[in-house]
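This report concerns only the one structure given below.
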Amino acid sequence: MLGTLYGIGVGPGDSGLITQKAIEIIKNIDIIVAPISKMGKKSKAFQIAKPHLKDNVETVELEFPMIDLEKEKDTLTTKWKENAEVIAKLLEQGKNVAFLTLGDPMVYSTYSYMIPYLEEVDIKPVTIPGITSFCASASALGVPIVQGNETFCVLTQITSLEEFDKYRVLFENIIIMKPNSSRETINEAIKKYDLYDKVYAVSNCGDESQVIATGLIKEDVSYFTIILIKGLK
């Protein structure tokens, strides 16, 4: 009998923010799949879930390279298919498998890219939502993302002031995830439009190393940083 694959969102970084439903699944699961950016690196998602896992649970690490999707799509597609095949073989053994992912499985998640390849072989994953990093960051700030009829967008990067202006006229609030490549543009916009008190940064949200800042974005900002820009319209 085919096992069940669960896509589990473990939230932004605090083990206490994992949902009760996710905990009930992972504490009894046969196999944990922990995504890593390259071999030899630890899985942050696994570390978050670890307090809720049974001792010596079987763990399989799968590599998902952190490379540009547009430039390296063929490489990534090959890796997604390979990883989906590994998971399919585990399920064929009758094992129940939990794929751990940061935040929510359906928001910029490596898990989501494998779903089409799994469905090709009639595997229907069960997805358990998690708290997104940007929602957790807003809570840490005590700043609402949207109110009333406001709008917001979520971006992975913004690389020019012209691009920023395009979003600025459409949305009152902008969220930028993992903003290292966007730092210069964000700082340029802050200076041009006097946004010093409207730009918030939360790094490593929910982690012991969490840092909150406002204004200009520093050069050494963590990869796991969320930028919230408020009140643009």
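The sequence shown begins at 1 in full-length UniProt numbering and counts up by one.
From the three backbone atoms N, C-alpha and C, an ideal C-beta is built for every residue, glycine too.
What residue from the options has the CA that sits closest to residue i's CA?
i: Tyr223; options: Leu232, Lys50, Lys233 and Val211; result: Val211
i: Asn96; options: Glu119, Val154 and Ile26; result: Ile26
i: Asp165; options: Gln147, Lys192 and Asn180; result: Lys192
i: Ile31; options: Phe64, Met66, Phe99 and Asp194; result: Phe99
i: Leu228; options: Asn149, Ser133, Asn83 and Pro105; result: Ser133
i: Ile8; options: Leu102, Glu63 and Lys218; result: Leu102
i: Tyr196; options: Ser182, Lys178, Gly231 and Asn204; result: Gly231
i: Lys50; options: Asp14, Lys73 and Pro65; result: Asp14
i: Leu216; options: Thr4, Cys205, Ile190 and Ser37; result: Ile190
i: Leu141; options: Gln93, Ile158, Gly206 and Val126; result: Gly206
i: Gly94; options: Lys42, Glu163, Thr156 and Ile29; result: Ile29
i: Ile186; options: Asn149, Glu150 and Ile226; result: Ile226
i: Lys178; options: Asp194, Tyr167 and Ile158; result: Ile158
i: Asp74; options: Val57, Pro105, Tyr113 and Val60; result: Tyr113
i: Leu91; options: His52, Glu119 and Gly148; result: Glu119
i: Lys198; options: Glu85, Ala138 and Lys81; result: Ala138
i: Thr19; options: Thr4, Gly3, Asp104 and Gln47; result: Asp104
i: Lys38; options: Leu76, Asn180, Leu17 and Ala136; result: Leu76
Report yes if the CB atom of residue i is closer than 8 Å to the CB atom of residue j, and no otherwise.
i: Asn173; j: Ile145; result: yes
i: Val169; j: Ala201; result: no
i: Glu63; j: Ile87; result: no
i: Ala22; j: Ile128; result: yes
i: Leu161; j: Glu188; result: yes
i: Tyr6; j: Pro125; result: yes
On the criterion of 16 or more Cβ atoms from any shown chain inside 10 Å, does residue i qualify as buried, or is it exposed?
i: Cys153; result: exposed
i: Lys54; result: exposed
i: Gly11; result: buried
i: Asn83; result: buried
i: Lys44; result: buried
i: Lys79; result: buried
Based on the DSSP output, what are the partners of residue i in its beta bridges?
i: Ala34; result: Glu61
i: Ala201; result: Ala213 and Ile227
i: Gly7; result: Phe99 and Thr127
i: Phe152; result: Asn173
Entirely enclosed beta strand (DSSP E) segments - the region 73–101, minimum 3 residues = 97–101
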